[in-house]
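Numbering (my numbering), first residue to last: 92 to 367.
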């Protein structure tokens, strides 16, 4: 039974504003409610360049944030809409270290708790949304709780939506025993090589400038989908949104509204393929 709710995960180290505002606008217009979650329940914030209409994106060489989108993101930042996020650490358990004194019993207990938590998620929500920006590199991409949330929707055959660096989470969300890519054989898109920064990969809540991103997402996605899947960079095209059910992936911020439209199309009309 449809619940008209979407479980939305945001980084505590900064998300790209329109990558939330775009799909949120489309989902809410279609009657969906977004529940927001962060890794430890801290209030998420948009990265400042994502609400600066004068910000020049170095790889693309133009200002990527429209005045309209900047105003929407600023309004979100000034509201209390994101002020009470769910705490992912309270929703899903953490896997014990193998060196734990009572490891086997703790490991068995962990999987019992995961199963219960995953069932609650898919009972309450119709889809999961992973918002991008640089922040996910820090606290979402290799977060086992994020992975377990993704796996819950994958096993329930419910839509899994990810944009920009949020797509990276799909690579690492793997069943602990099988350890196989869940996007193997799938068509996906994501931040392509041509969009990668050479310097200036920064985050909120730290003064770290990582320089270039720590990985090339295109190469990782191409490997994860394997020989029977396909990464679609679609460089040169204004947008890149790919649906290969249950996944919907989007390359970057320019895709945000189309991404939202097609996620609604998946939820309301049963869309299973788009963009390839």
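Ideal Cβ positions, reconstructed from N, Cα and C, are used throughout, including at glycine. As the structure is a computational prediction, the values presented were derived from the model and not from experiment.
Check: Between residue 221 and residue 107, what straight-line distance do the alpha-carbon atoms span, to the nearest angstrom?; Outcome: 11 angstroms
Check: Quick one: give me the first and last residue of the beta strand (DSSP E) that residue 340 is part of.; Outcome: 338-341
Check: Could you check what DSSP says for residue 160 in three-state terms: helix, strand or coil?; Outcome: helix
Check: Taking one C-beta from the stretch 182-198 and one from the stretch 133-148 each time, how about it: are there three or more such pairs within less than 8 angstroms?; Outcome: no
Check: Using only alpha-carbon positions, find the residue among 128, 252, 232 and 291 that is nearest to residue 147.; Outcome: 291
Check: Compute the distance between the beta-carbons of residue 98 and residue 128, then report whether it is under 9 angstroms.; Outcome: yes
Check: To which residues of the same chain is residue 232 closer than 6 angstroms at the C-beta, ignoring the five residues directly before and after it?; Outcome: 259 and 260
Check: What do you get for residue 214, buried or exposed, if any count of 16 or more other CB atoms within 10 angstroms of its CB means buried?; Outcome: exposed
Check: If you follow the beta strand (DSSP E) that residue 252 is in, where does it begin and where does it stop?; Outcome: 251-254
Check: Just confirm the distance between the C-beta atoms of residue 288 and residue 305, as a whole number of angstroms; I'd bet it's less than 8 angstroms.; Outcome: About 11 angstroms separates the two Cβ atoms, so there is no contact after all.
Check: So what does DSSP say about residue 321, is it helix, strand or coil?; Outcome: strand
Check: Could you give the DSSP three-state label for residue 316: helix, strand or coil?; Outcome: helix
Check: On a CA-only basis, which of 295, 316 and 350 is nearest residue 332? Give me that one, please.; Outcome: 350
Check: What do you reckon, are the CB atoms on residue 286 and residue 151 nearer than 9 angstroms?; Outcome: yes
Check: Opposite residue 218 in the DSSP bridges: which residues?; Outcome: 97
Check: Please report the distance separating the alpha-carbon of residue 334 from that of residue 191.; Outcome: 41 angstroms
Check: Which residue comes first and which comes last in the beta strand (DSSP E) that contains residue 127?; Outcome: 124-129
Check: Within a Cβ cutoff of 8 angstroms, which residues of the same chain sit near residue 163, ignoring the five residues on either side of it in sequence?; Outcome: 108, 109, 112 and 116
Check: Just reading off the beta strand (DSSP E) that residue 109 is part of, what are its end residues?; Outcome: From DSSP, residue 109 is part of no beta strand (DSSP E) but of the alpha helix (DSSP H) over 108-120.
Check: Would you mind sorting residue 357 into buried or exposed? The rule is 16 or more other CB atoms within 10 Å of its CB.; Outcome: buried
Check: So what's residue 364 in DSSP terms, helix, strand or just coil?; Outcome: strand
Check: Who does residue 178 pair with in a DSSP beta bridge?; Outcome: 129
Check: Which whole-angstrom value describes the C-beta separation of residue 188 and residue 161, a residue pair presumed to lie in contact below a C-beta threshold of 8 angstroms?; Outcome: Not really, about 44 angstroms apart at Cβ, beyond 8 angstroms.
Check: Could you please give the first and the last residue of the uninterrupted beta strand (DSSP E) stretch that includes residue 335?; Outcome: 332-335
Check: Roughly how many whole angstroms lie between the Cα atoms of residue 251 and residue 124?; Outcome: 16 angstroms
Check: Below 8 angstroms, is the gap between the Cβ of residue 144 and the nearest heavy atom of the ligand PLP?; Outcome: Although the ligand PLP was asked about, the structure shown includes no ligands whatsoever.
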